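>
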Amino acid sequence: DGGITQSPKYLFRKEGQNVTLSCEQNLNHDAMYWYRQDPGQGLRLIYYSQIVNDFQKGDIAEGYSVSREKKESFPLTVTSAQKNPTAFYLCATEGQGSNEQFFGPGTRLTVL
Amino acid sequence: GQQLNQSPQSMFIQEGEDVSMNCTSSSIFNTWLWYKQDPGEGPVLLIALYKAGELTSNGRLTAQFGITRKDSFLNISASIPSDVGIYFCAGLSHPGAGSYQLTFGKGTKLSVIP
Chain F
1 DGGITQSPKY LFRKEGQNVT LSCEQNLNHD AMYWYRQDPG QGLRLIYYSQ IVNDFQKGDI
61 AEGYSVSREK KESFPLTVTS AQKNPTAFYL CATEGQGSNE QFFGPGTRLT VL
Chain V
113 GQQLNQSPQS MFIQEGEDVS MNCTSSSIFN TWLWYKQDPG EGPVLLIALY KAGELTSNGR
173 LTAQFGITRK DSFLNISASI PSDVGIYFCA GLSHPGAGSY QLTFGKGTKL SVIP
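Just so you know, the sequences run in chain order F and V.
81 is the number that the numbering used here gives to position 81 of the first sequence; each next residue is one higher, with no gaps.
189 is the number that the numbering used here gives to position 77 of the second sequence; each next residue is one higher, with no gaps.
(1) Determine the burial state of T143 of chain V: buried for a count of at least 16 other Cβ atoms within 10 Å of its Cβ, exposed for fewer.
(2) Identify every run of the beta strand (DSSP E) within the region 54 to 95 of chain F, keeping only runs that are complete inside it and at least 3 residues long; order them along the chain.
(3) Does the separation of the CB atoms of F141 of chain V and L186 of chain V fall below 7 Å?
(4) From which residue to which residue does the beta strand (DSSP E) around R36 of chain F run?
(5) Is the Cβ of E100 of chain F closer than 7 Å to any Cβ of chain V?
(6) How many whole angstroms separate the CB atoms of I46 of chain F and W34 of chain F, which I take to be in contact at a CB cut-off of 8 Å?
(7) In three-state terms, what does DSSP make of S189 of chain V?
(8) Using the DSSP secondary-structure output, state which residues sit across from F102 of chain F in a beta bridge.
(9) For S98 of chain F and V78 of chain F, what's the separation of their Cα atoms in angstroms?
(10) Assess contact between the region 57 to 64 of chain F and the region 122 to 130 of chain V, defined as three or more Cβ pairs (one per stretch) separated by less than 8 Å. Is contact present?
(11) Does any C-beta atom of chain V lie closer than 7 Å to the C-beta of L90 of chain F?
(12) Are the C-beta atoms of F103 of chain F and some chain V residue less than 7 Å apart?
(13) Are the CB atoms of I159 of chain V and R172 of chain V nearer to each other than 7 Å?
(14) Under 9 Å Cβ-Cβ, which residues of chain F neighbour E166 of chain V?
(15) Between L204 of chain V and chain F, is there a C-beta pair that is closer than 7 Å?
(16) Between G106 of chain F and Q6 of chain F, how many whole angstroms is the CB-CB distance? I'm expecting something under 8 Å.
(17) Looking at the unbroken beta strand (DSSP E) that takes in E24 of chain F, where does it start and where does it end?
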């Protein structure tokens, strides 16, 4: 079954703790993206990766980190340096030359 | 950075009515994408537009790439209750060699009254 998997669906963490959100895809897409969505807002780009072992900062990268060791996986770590981490996090992928991004189901992170 | 103005912000319509929403910008885009997002889910791609003036349909949905490349609209005909959700536009631009940027509108929240 092809697609993009994000886990977990809901995540709760205490303030000051780092947390890692998972994004896995079996679409064989080269590019992967992380977005943050807040209520009533559009999607804001955190990080993206066009190829394995390479990634670039998006518009709101501060307080986040990523890795791209495998084509299928692009985990996002929300660090304690992120001032307002509670949000809905969306992972997306894009096939080479496609210009169309496809989204995973999202992870809702709540920091208590 | 680039901004997309998506309107209306929200709308309430009667089942069976047609719906129209649009995105405008002062910047030029090479591709326009329209997504629908259900509550608590990721956005689903509805329509992709690649050429200025292009008009594309997907069932009851029709979208157009504005001739100036600075705007796009989405129409939904004969709305049904399952059309409820948030619709996002996204514009793709190429700010530099080998790079591109996807900018999202803030969404149009559609409510359908049975």
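Glycine is no exception: its CB is placed at the ideal position from the N, C-alpha and C atoms.
Keep in mind the model is a prediction, meaning the values are calculated, not measured.
So, from the data block:
(1) Within the second sequence, the letter at position 31 stands for residue 143 of chain V. Result: buried.
(2) With a minimum length of 3 residues, the continuous beta strand (DSSP E) runs that stay inside the region 54 to 95 of chain F are 54 to 57, 64 to 66, 76 to 78, 87 to 94.
(3) Along the second sequence, read from residue 1 onward, the residue named residue 141 of chain V stands at position 29. Along the second sequence, read from residue 1 onward, the residue named residue 186 of chain V stands at position 74. No.
(4) As a position in the first sequence, residue 36 of chain F is number 36, starting the count at 1. In the DSSP annotation of this structure, the continuous segment of the beta strand (DSSP E) that includes R36 of chain F starts and ends at 31 to 37.
(5) Taking the first sequence and counting its residues from 1, the one referred to as residue 100 of chain F is at position 100. At least one CB atom of chain V sits nearer than 7 Å to the CB of E100 of chain F.
(6) What you label residue 46 of chain F is simply residue 46 of the first sequence in a count that begins at 1. What you label residue 34 of chain F is simply residue 34 of the first sequence in a count that begins at 1. Confirmed, Cβ separation roughly 4 Å.
(7) In the second sequence, the residue the question calls residue 189 of chain V occupies position 77. Of the three classes helix, strand and coil, the one that applies to S189 of chain V here is coil, per DSSP.
(8) By 1-based counting over the first sequence, the position of residue 102 of chain F is 102. Paired residues: F:T93.
(9) Taking the first sequence and counting its residues from 1, the one referred to as residue 98 of chain F is at position 98. Taking the first sequence and counting its residues from 1, the one referred to as residue 78 of chain F is at position 78. When rounded, the distance between both Cα atoms is 29 Å.
(10) Short answer: they don't touch.
(11) Taking the first residue of the first sequence as position 1, residue 90 of chain F is located at position 90. Yes, because at least one Cβ of chain V sits closer than 7 Å to the Cβ of L90 of chain F.
(12) On the first sequence, position 103 is the one that residue 103 of chain F refers to. Answer yes: the Cβ-Cβ gap between F103 of chain F and chain V drops below 7 Å somewhere.
(13) Along the second sequence, read from residue 1 onward, the residue named residue 159 of chain V stands at position 47. Along the second sequence, read from residue 1 onward, the residue named residue 172 of chain V stands at position 60. Taking 7 Å as the Cβ cut-off, I159 of chain V and R172 of chain V do not qualify as a contacting pair.
(14) Locating residue 166 of chain V in the second sequence gives position 54, where the first residue counts as 1. Within chain F, no C-beta atom comes nearer than 9 Å to that of E166 of chain V; the closest sits roughly 13 Å away.
(15) To locate residue 204 of chain V, count along the second sequence from 1; it is residue 92. Closer than 7 Å to some Cβ of chain F, the Cβ of L204 of chain V qualifies, so yes.
(16) Residue numbering aside, residue 106 of chain F sits at position 106 when the first sequence is read from its first letter. Residue numbering aside, residue 6 of chain F sits at position 6 when the first sequence is read from its first letter. Right, their Cβ atoms sit about 6 Å apart.
(17) The residue given as residue 24 of chain F occupies position 24 in the first sequence. Taken as a continuous stretch (DSSP letters only), the beta strand (DSSP E) holding E24 of chain F covers 19 to 25.
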